[in-house]
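Trainee: Numbering (this note's numbering), first residue to last: 201 to 340.
Even glycine gets a Cβ: it sits at the ideal position worked out from N, Cα and C.
Could you have a look at this structure, given as structure tokens, before my questions?
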């Protein structure tokens, strides 16, 4: 059984749409604080938090990881890195001895973006696959 955890803030909700196509229990990671609606303000605030690895507050979904063999995480790439909300979530909510699939979305889809994604997954987990979606195209 799979736990599918996604984070998506964009208008198109690409990460959410991808997560909904995966068979398993769906969990949404949400910001705990207000996020500005104005795109440029959002870009500056969230891009800065991501680039500087700043702590962000989130509302974590309640997941009993003992029920799941596999965990799938779906999130956007911001400023060339894993969205800070997903990074902070994975750092604070430990799950161990699971099979993990990492799915990232990006408008640019540079290959280097996905190289640092496995570092955040706890060592006891087995990364099954890393997938990058670029503007609705599978690139890896």
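#1: Taking the DSSP output, what are the residues bridged to residue 228?
#2: Could you have a look at residue 306 and say whether DSSP puts it in helix, strand or coil?
#3: Tell me which residues share the same chain as residue 328 and place their Cβ nearer than 8 Å to its Cβ, disregarding the 5 neighbours each side in the sequence.
#4: Closer than 8 Å by C-beta to residue 214: which residues in its own chain qualify, once you throw out the five before and the five after it? Chain order, please.
#5: For residue 323, tell me which candidate among 330, 234, 294, 331 has the shortest Cα-Cα distance.
Mentor: In short:
#1: Taking the chain shown and counting its residues from 1, the one referred to as residue 228 is at position 28. DSSP lists 206 as partners of residue 228.
#2: Mapped onto the chain shown, residue 306 falls at position 106. Looking at residue 306 - three-state DSSP - the assignment turns out to be strand.
#3: Here residue 328 refers to the residue found at position 128 when the chain shown is read from its first residue. Counting only Cβ-Cβ distances below 8 Å, and skipping sequence neighbours, we find 270, 299, 300, 301.
#4: Here residue 214 corresponds to residue number 14 of the chain shown, with the count starting at 1. Hits under 8 Å: 208, 276, 305, 333, 336.
#5: Taking the first residue of the chain shown as position 1, residue 323 is located at position 123. Comparing Cα positions, the closest option is 294.
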